[in-house]
Every structure is written in C-alpha cells, then in structure tokens.
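If you're matching them up, the sequences are chains E and L in order. So for the first sequence, our numbering puts the first residue at 1; every next one is plus one. So for the second sequence, our numbering puts the first residue at 1001; every next one is plus one. Glycine included, every Cβ here is placed at the ideal spot set by N, Cα and C. Fair warning: this is a prediction, and the values are worked out from it, not measured in the lab. To start, the structure itself, in structure tokens.
There are 2 protein chains.
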Amino acid sequence: MLVHVNSRSNVVSIAADACSVSVTDADRVAAVQRALPSEECVQNLAHVFGLLADPGRLRLISALLEGGEMCVCDLAAATGQSMSAASHALRLLRADRVVKVRRAGRMAYYRLADSHVRMLFDLAITHVGHEDGEHGDG
Amino acid sequence: MLVHVNSRSNVVSIAADACSVSVTDADRVAAVQRALPSEECVQNLAHVFGLLADPGRLRLISALLEGGEMCVCDLAAATGQSMSAASHALRLLRADRVVKVRRAGRMAYYRLADSHVRMLFDLAITHVGHEDGEHGDG
DNA sequence: TACACATATGAGCAATCGTTCAATCGTTTC
DNA sequence: GAAACGATTGAACGATTGCTCATATGTGTA
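Below is the structure:
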C-alpha cells in the first residue's frame, strides 16, 4: 500500500483541479478521491448547510419546529426580524424544500417540509454543546 | 389561545429586535419565542453549519471520513485544492474542534474529532438525495 | 551552517451574503 | 373603486467569505 512519491522533485498531480501538489501516499490519495461524493453532490451539500448557516434562518426553523405552522408576520415577530427579511429567508428555505407554504387568502402559512432538518438541527446542537433546547415536542 | 392583535393599527412589538411587526397570534408568538435557543446557541449553530457550507471543506471532511488520518499535502491532492487553501480550511475546522491534528516531525496529520460530523454529513446527504456515498466504512 | 521541505499564516482582492428600502402583487374590507 | 393589509420581490450597500500570493516557522538532511 505504500508508494512513496515524495522523494525530491517527484511531484505527482492527481486531480485535474490540483496544480501539482506533492503526495506522500498516492494509493491512499487515489482511493480517497474515488470515494469522494460527486461534485454535484458536494455542491448540494454545501448549499444545504449554507442554508442553515444563518442565525435568522436558524431561528425561523427553530420557530417552526416549535410552532408547527405559522404565518410570515408571526414568524418575523417570533424570530426578531423584519417581515421583508423573514420573507427573503423563507424564500430560500422554500427553494430548497426545507419549508412548505400553504396560502389562505392573503396569509401564507409556513411549515417544515421534512424531518431531516430537525435531526440536523438537534445533532448540531449536540455538537456545539447546548445549554438550551426547548424545542422538544412542540 | 386566540388573542387577535391584528385589528388595524393595533401593532404589538414582541422582540426587542423586531421593529414593531404586527402579530396574529400573540400567545403562540410568545411561546415560540420562549422556546427558541439562546442567542449564543443560535450563533454557534450557525457557525458550525457555516463550516460545512463550503465544497472544499466538505471534501476535506469526506476525505477524512474515508481516509482516516491524512497529512495536509495528501488532503490537498485528494480534495483538489492548493496546500495553502487546504491549510486555511483545516485551520477553521480545527478551531471548532471538527478535526484534530497530530504532529510528527514536519508533517501534520489530521483526523476527524467527533462522530457528530459524520452523522451530520450522512443526514444531509439523505436530504439532498444522494446519487453517491462511498464513505461507508473506510 | 545552509538548504529543502511540510505546514502555517497575513494581506489583499473578487465574489457572495444578508439586510434594508422601496415598490409591487393579490386579497379583503369599506 | 379605493384603501388597508400580508406577503413578495428587486436593487443597493456593507459585511463576510474563500481564494491566491508571498512570507514565516519549524523540522530533517547534507
């Protein structure tokens, strides 16, 4: 399994992207490269995590976790942001199927679309070491 | 449970942050607000998700998931980025205890620090609908 | 000592993000 | 029809991000 490509000036370019980076264990590198998710998958993943990387959107999600289904103005009030900001944020969440809308007259009621988000949320809270977590069984 | 605060010009400001947003169900809003994670918790959460919101860092994590423990230059080669970019990225991951370093001579070997990340990763892949996922049991 | 090497880091810059402001759309009420 | 209202959207602007380039640090080797 050892292939030693690190003797001097013995530079091997592995990825098309990498501009000749030297490698110590070429087999391992090649194996890892083969196992990496596709570019598209990585992009989607990054996109989803990016959605959760904003306090405002996180509060929105947390509110929906607790409140079940809420209109935009209540969500805005509960999460402490303007209705415009909330609407922009909900638009992003909607585009990636994190939340769903139900329209009734001039109101728009939002709710979470799938349970992955709750798990993602709780798992991440576990990671950061929560001192709080009242969204148990709303 | 219904409190009707939405009759005209009857605007109630709930959060200190919110600049008087009207509310349709004040009780619900108040309850949801009480249940929200603390500001600090939300910030930490957003920060952690932010770490995972970059394709380069995601590939790094995926590589470590598969490869176990790898040096910076192998990680750079496997994930298709420059060593500088990889080092910068690993620094961020290290600061938030997502990865750990082991130094041996002039090499630095990185590995994942906790299992939450793997779960986060797999859960998110489930959400986006993976067409790929070869990081099963490196 | 001097050099090569693996890694780390700071500055700078282009790109992206999140907010606010203003305008708009569709619905309800008068 | 007109006005009020909830929600949506686009533009603009400041803040943040992630890269590259250049340089620094520390280790192994001649």
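Listed along chain L, the residues sitting closer than 8 Å to E:His127 by beta-carbon distance are Val1048, Asp1114, His1116, Val1117 and Leu1120. A Cβ-Cβ contact shorter than 7 Å links L:His1116 with E:His127. In the structure shown, L:Leu1112 falls within a strand segment according to DSSP collapsed to helix, strand and coil. At a C-beta separation below 9 Å, L:Val1099 has no neighbours in chain E, since its nearest C-beta there lies roughly 13 Å away.
In the three-state scheme derived from DSSP, where H, G and I count as helix and E and B as strand, L:Arg1091 is classed as helix. Within the segment 64–78 of chain E, the residues whose Cβ lies closer than 8 Å to any Cβ of chain L are, in chain order, Glu66, Gly67, Met70, Cys71, Cys73, Asp74, Ala76, Ala77 and Ala78. Residues of chain L whose Cβ lies closer than 7 Å to the Cβ of E:Asp25 are, in chain order, Asp1074. At a cut-off of 7 Å between beta carbons, L:Ser1062 contacts chain E. The beta-carbon of E:Arg28 is placed less than 7 Å from the nearest beta-carbon of chain L.
Burial state of L:Arg1102 is exposed, judged by a 10 Å Cβ sphere holding fewer than 16 other Cβ atoms.
Between the alpha carbons of E:Val48 and L:Met1107 lies a gap of roughly 33 Å.
The beta carbon of L:Arg1057 is closer than 8 Å to those of Leu1051, Ala1089, Leu1092 and Leu1093 in its chain, skipping five residues each way along the sequence.
Scanning its chain for C-beta atoms nearer than 7 Å, with the 5 sequence neighbours on each side dropped, one finds around L:Cys1073 the residues Met1083, in chain order. In the DSSP secondary-structure assignment, E:Val99 is bridged to E:Leu112. E:Ala46 sits in a helix when the DSSP states are folded into three classes.
Residue state for E:Ala53 is assigned as coil, using DSSP reduced to three classes.
DSSP lists E:Arg111 as the bridge partner or partners of E:Glu69. Classified as exposed, L:Glu1039 has fewer than 16 neighbouring CB atoms from the shown chains inside 10 Å of its CB. L:Ala1077 places its beta carbon 7 Å or farther from that of L:Ala1086. Among the residues of the segment 1083–1112 of chain L, those with a Cβ less than 7 Å away from any Cβ of chain E are Met1083, in the order of the chain. The alpha-carbon separation between E:Asp96 and L:Cys1071 amounts to approximately 35 Å. The bridge partners DSSP lists for E:Ala104 are E:Met107. Comparing C-alpha distances from E:Asn44 to each of L:Arg1034, L:Leu1045, L:Pro1055 and L:Tyr1109 shows the shortest one belongs to L:Pro1055. About 17 Å separates the beta carbon of L:Leu1120 from that of E:Leu36, a gap too long to meet the 8 Å contact definition. For L:Gln1033, the enclosing alpha helix (DSSP H) starts and ends at Ala1026 to Ala1035. Nearest C-alpha to L:Glu1069 among L:Asp1025, L:Leu1112, L:Ala1104 and L:Gln1033: L:Leu1112. Take L:Leu1064, set aside five residues on each side of it, and the residues of its chain with a beta-carbon closer than 7 Å to its own are Met1070, Val1099, Tyr1110, Arg1111 and Leu1112, in chain order.
Cβ atoms of E:Ala53 and L:Ala1053 come within 8 Å of each other, at about 5 Å.
The residue from L:Asp1114, L:Ala1104 and L:Gly1080 with its alpha-carbon nearest to that of E:Ser22 is L:Gly1080. Going by beta carbons, L:Arg1118 and E:Val42 fall outside the 7 Å limit.
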